[in-house]
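Enquirer:
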Amino acid sequence: MRYIFALVFVCFFVQLKAQENNLPTSFRTPRAAIENHLKYLQEESFNDLQAARSLARAGIPRTERADLAIELKQIFDGSGHYIDLEDLPDDPNYLDSLSGEHKYIITEEFPDLYVKKYGSTWLYSSESVEKIEEIHNKVFPFGTSKLLKKIAHNEEHEFLGLYYWQYGGILALIIIAVVLHKLLSFFLRIFFLKLLAKYLHIDVANKVLYPAAKPISLLIVAVVIRIFLPVLQLPPYTGGVFIQIADAAIPVFVTMLFYRIVEMAEFYFVGVAHRTDNTLDDHLVPMIAKIMRGFVVVVGFVAVLRSFKVDIWPLLTGLSIGGLAFALAAQDTLRNFFGSLMIFLDKPFQIGDWITSDKIDGTVEEVGFRSTRIRTFRDSVMYVPNAEIANKMVDNHGLRKYRRFSTRLSITYDTPTRLIEVFVDGIKRIVEEHPYTRKDYHNIYLNDYAGSALEIMLYIFFQVPDWSNELRCRQEVMLEVNKLAEHLGVRFAFPTQTLFVEQMPGQKSLTPEYDQTKDQFQLEMENYFKNKEK
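Residue numbers (the UniProt record's numbering): 1 to 534.
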């Protein structure tokens with residue numbers, strides 16, 4: 001009997017000793033500590049007190065540590081992190097490569113949650129235990145953590161890996177999302193059309209703000225879904241997929257919203273540009289809008305990549321190297337682009353201006369990213385690289401305040417001096433009475449002795465906006481000069497070679513005879529202008 005009692009005592013002692021050594025042995029690696037935590041919170045082996053043994057004690061009661069262990073698993077499940085035990089280190093002496101300490105960070109998203117080596121045992125660190133409540137509130141914001149605790153988890157009814165309450169939650173979330181989207185779209189459109197139309201043009205509300213209601217409502221719905229998804233406590237892999245989709249949808253809808261904002265700004269500033277005198281602004285606004293739209297799309301694309309946990313730094317590094325190669329290969333394109341910027345900043349000409357420079361002679365029709373389109377006077381189209389225009393001297397005829405008309409009137413040598421004086425005074429009066437000539441500066445004088453004529457210089461300016469009006473005014477002045485010459489008997493000369501016989505026997509002399517005095521010629525001129533006024 002004594003031997004039997006001794007044998008039972010030895011077996012009991014060995015079993016007790018084995019139990020004492022079992023826990024430290026099971027926690028001698030990071031994998032063992034994390035596996036114990038997750039294993040005993042599964043349905044088939046649920047034991048929250050056993051799971052809590054993976055947490056550093058730090059004077060926390062067992063029941064409270066058990067609640068923290070459950071919250072820690074909810075953090076992993078709610079954020080969609082699937083922890084593959086095979087990927088966890090199983091080395092008792094594992095060292096973190098960055099800090100050089102005996103610790104293992106479970107996921108990069110939560111660097112404050114890690115297991116740490118205490119002596120020969122690996123446990124969730126006391127620092128991590130203190131952060132569990134704070135991180136739990138971040139994963140389940142706006143009171144959803146309380147909602148999670150109140151949900152009755154009926155774990156007896158399961159279908160295709162999900163509990164019935166989870167199916168109900170998914171259905172409720174879908175219904176809420178659809179109804180919320182419809183209501184928000186409806187009310188936002190009413191808001192934009194009724195309120196903003198009072199302060200902006202109705203076209204802005206119809207063309208820009210009205211379509212912006214959809215991305216705004218979708219953005220709000222995506223945020224709501226993202227907030228309540230963790231509450232469903234879906235399996236980590238499935239939940240992770242849905243959370244990634246929601247995380248990617250948010251920057252997509254934000255990008256759509258800012259794209260609409262750029263369109264709204266473009267629509268507004270195009271109207272402002274149309275009201276300015278500078279026609280170059282009409283092309284500057286669409287160019288800036290294109291750049292802003294491209295910038296919004298690129299930033300949105302990067303945000304979507306970051307939502308999928310894609311490391312964009314290698315991509316940016318590759319783009320920088322590729323960008324350098326591209327820049328070297330596309331130097332002319334870049335020069336033309338910066339040339340267009342210089343044109344828009346310096347504004348040497350506007351749309352519709354007539355410019356000349358070397359072989360360039362025509363009217364500016366459009367300034368683009370790479371080239372400027374010029375309509376020549378042959379009605380052909382010339383595309384000139386912007387870099388070439390930016391580096392050349394450009395004569396802008398469109399900036400003229402006055403349009404010059406310079407010519408010489410050739411009259412015959414036999415015109416009396418007194419008639420020349422009256423004729424010159426008459427031309428000056430024609431110029432002064434014309435409504436579109438510059439009155440403060442003109443030069444009309446007998447200027448030169450040419451080979452076959454006396455030359456009167458006519459140097460005047462028209463104050464007209466374009467070439468067509470300039471030609472019309474030229475014609476009006478020239479016709480008036482011709483009429484005055486006909487009325488006074490002034491003859492216009494032209495290059496000839498004449499054999500002059502002053503008088504033939506029996507014939508009248510060819511030389512005109514002028515018996516009038518200067519005063520009489522002056523009277524003739526006054527009569528001309530009096531008859532003209534009638």
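We put the beta carbon where it would ideally sit given N, CA and C, even for glycine.
Note that the coordinates shown come from a computational prediction; the quantities given were computed from them, not determined experimentally.
Going by DSSP in three states, R28 sits in which element: helix, strand or coil?
Expert: Correct three-state label for R28: coil.
Enquirer: Roughly how many angstroms separate the alpha carbons of P348 and V298, rounded to a whole number?
Expert: Straight-line Cα distance between these residues: approximately 32 Å.
Enquirer: Ignore the nearest five residues each way along the sequence and tell me which others in K392's own chain have a CB closer than 7 Å to its CB.
Expert: S357, D358, listed in sequence order.
Enquirer: Tell me the rounded alpha-carbon separation between D67 and I227.
Expert: When rounded, the distance between both Cα atoms is 22 Å.
Enquirer: One question on the structure: do S307 and D353 come within less than 8 Å of each other, judged by their Cβ atoms?
Expert: Contact: no.
Enquirer: If we require 4 or more residues per run, which alpha helix (DSSP H) segments fall completely within the stretch 391-445?
Expert: Those alpha helix (DSSP H) runs which fall completely within the stretch 391-445 and span 4+ residues are 417-433.
Enquirer: Taking 6 Å as the limit between beta carbons, can you name the residues of its chain near L284, skipping five residues before and five after?
Expert: These residues qualify, in order along the chain: F344.
Enquirer: The alpha helix (DSSP H) spanning S468 covers which residue range?
Expert: It spans 467-488 - the alpha helix (DSSP H) in which S468 sits, taken as one unbroken run.
Enquirer: If V431 and V477 are in contact, beta carbons under 8 Å, what's the gap, nearest whole angstrom?
Expert: Going by Cβ atoms, the distance from V431 to V477 rounds to 7 Å, so yes, they are a contact pair.
Enquirer: Using DSSP with H/G/I as helix, E/B as strand and the rest coil, what is D379?
Expert: DSSP places D379 in coil when its eight states are reduced to three.
Enquirer: If you reduce the DSSP assignment to three classes, tell me which class F140 lands in.
Expert: Looking at F140 - three-state DSSP - the assignment turns out to be coil, as it is neither helix nor strand.
Enquirer: With a 10 Å radius around its C-beta and 16 neighbouring C-beta atoms as the bar for buried, classify H81 as buried or exposed.
Expert: Flag for H81 reads buried.
Enquirer: When the Cα atoms are used, what is the spatial distance from K138 to F338?
Expert: For K138 and F338, the distance between alpha carbons rounds to 47 Å.
Enquirer: How about Q233 and G78: do their beta carbons lie closer than 8 Å?
Expert: Yes, Cβ-Cβ distance for Q233 and G78 is below 8 Å.
Enquirer: Can you tell me which of D84, R418, G294, I261 puts its alpha carbon nearest to the alpha carbon of P215?
Expert: Comparing Cα positions, the closest option is I261.
Enquirer: Measure how close the beta-carbons of Y436 and Q463 come, nearest whole angstrom, since I'm counting them as under 8 Å.
Expert: With a Cβ gap of about 6 Å, Y436 and Q463 count as contacting.
Enquirer: Hey, out of I135, E455, Y259, whose CA is closest to R293's CA?
Expert: Checked all of I135, E455, Y259; the closest Cα to R293 is Y259.
Enquirer: Verify whether the separation of the beta carbon atoms of Y118 and S128 is less than 8 Å.
Expert: Their beta carbons are not under 8 Å apart, which means Y118 does not touch S128 by this criterion.
Enquirer: Using a 10 Å radius around the Cβ and a threshold of 16 neighbouring Cβ atoms, would you call residue 535 buried or exposed?
Expert: The chain is shown from 1 up to 534; residue 535 falls before or after that span and cannot be answered.
Enquirer: With DSSP collapsed to three states, give me the class of Y114.
Expert: If DSSP states are grouped into helix, strand and coil, Y114 belongs with the strands.
Enquirer: What is the residue span of the alpha helix (DSSP H) that F267 lies within?
Expert: Segment 236-274, the alpha helix (DSSP H) holding F267.
Enquirer: For S357, write down the residues that DSSP places opposite it in a beta bridge.
Expert: According to DSSP, which records beta bridges pairwise, S357 is partnered with I360.
Enquirer: What is the rounded straight-line gap between the Cα of I288 and the Cα of I360?
Expert: Their Cα atoms are separated by approximately 27 Å.
Enquirer: Tell me which same chain residues have a C-beta within less than 7 Å of the C-beta of V296, skipping the five on either side of it?
Expert: The residues are T255, F258, Y259, V262.
Enquirer: In this structure, does DSSP put I460 in helix, strand or coil?
Expert: Residue state, collapsed to three classes: strand.
Enquirer: Could you check how far apart the C-beta atoms of N386 and N336 are, in whole angstroms? I think they sit under 8 Å.
Expert: Confirmed, Cβ separation roughly 5 Å.
Enquirer: By Cβ distance below 6 Å, which residues in the same chain neighbour Q402 in space, the five residues on each side in sequence not counted?
Expert: In the sequence on display, residue 402 carries Tyr and not Gln. If we look at Y402 and ignore the five residues flanking it on each side, its Cβ neighbours are R438, F461, Q463.
Enquirer: Grouping DSSP H, G and I as helix and E and B as strand, with all else coil, what is R370?
Expert: The answer is coil: DSSP assigns R370 none of H, G, I, E or B.
Enquirer: How about F376 and G362: do their beta carbons lie closer than 8 Å?
Expert: The question names Phe, yet the displayed sequence has Thr at residue 376. Cβ atoms of T376 and G362: closer than 8 Å.
Enquirer: Beta strand (DSSP E) containing K73: first to last residue?
Expert: Element bounds for K73: not the beta strand (DSSP E) but the alpha helix (DSSP H), 62-78.
Enquirer: Between which two residues does the beta strand (DSSP E) carrying L123 extend?
Expert: Unbroken beta strand (DSSP E) run through L123: 121-124.
Enquirer: With respect to the beta strand (DSSP E) encompassing Y514, which residues constitute its N-terminal and C-terminal limits?
Expert: Careful: Y514 lies outside any beta strand (DSSP E) and carries neither H nor E.
Enquirer: Is it buried or exposed for S125, if we count other Cβ within 10 angstroms and need 16 for buried?
Expert: Flag for S125 reads buried.
Enquirer: Do you know how far the Cα of Y459 is from the Cα of F405?
Expert: The alpha-carbon atoms of F405 and Y459 are separated by roughly 6 Å.
Enquirer: Of all the options V364, A390, E388, which has the alpha carbon lying nearest to the alpha carbon of S380?
Expert: Nearest C-alpha to S380: V364.
Enquirer: Would you kindly work out how many angstroms separate the C-alpha atoms of Y40 and K290, rounded to a whole number?
Expert: Near 57 Å, if we compare the C-alpha coordinates of K290 and Y40.
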